[in-house]
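J.: Read in order, the letters of the sequence shown are residues 1 to 48 in UniProt numbering. C-beta atoms are modelled at their ideal positions from N, C-alpha and C, and glycine is treated no differently. Because the structure is a prediction, the values reported are computed rather than measured.
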Amino acid sequence: MDDEYRCEICGETNSVWDRPSGLWAEQYLLPVEADCWNCCAVNMLPDS
Ligand SMILES: [Zn+2]
Numbered sequence: 001m002d003d004e005y006r007c008e009i010c011g012e013t014n015s016v017w018d019r020p021s022g023l024w025a026e027q028y029l030l031p032v033e034a035d036c037w038n039c040c041a042v043n044m045l046p047d048s
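This is the structure:
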């Protein structure tokens with residue numbers, strides 16, 4: 001499932017998405033933090 005968040009620093013919209021973890025397709029990782037593509041600030045993602 002795609003998701004978006006807004007950078008707390010610069011306000012740019014970043015996209016995050018669930019992705020399969022290696023060969024174990026049943027195991028999905030949702031990152032809890034992500035680097036802004038624009039300013040490289042680390043943003044905490046809301047826990048869904
Ligand atoms: Zn940013």
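Taking all protein chains shown into account, do 16 or more other C-beta atoms lie within 10 angstroms of the C-beta of residue 39, making it buried, or fewer, making it exposed?
T.: With fewer than 16 other Cβ atoms within 10 Å, it is exposed.
J.: Going by DSSP, name the residue or residues bridged to residue 37.
T.: Paired residues: none, contrary to the question.
J.: Assuming residue 8 contacts residue 41 (C-beta within less than 8 Å), just tell me the rounded distance between them.
T.: Residue 8 to residue 41, Cβ: 7 Å. Contact.
J.: Could you please go through the chain and list the residues whose beta-carbon is closer than 6 Å to any non-hydrogen atom of ligand 1?
T.: For ligand 1, the selected residues are 7, 9, 10, 12, 36, 38, 39, 41.
J.: Between the alpha carbons of residue 2 and residue 16, how many angstroms are there, rounded?
T.: Taking the straight line from one Cα to the other gives about 6 Å.
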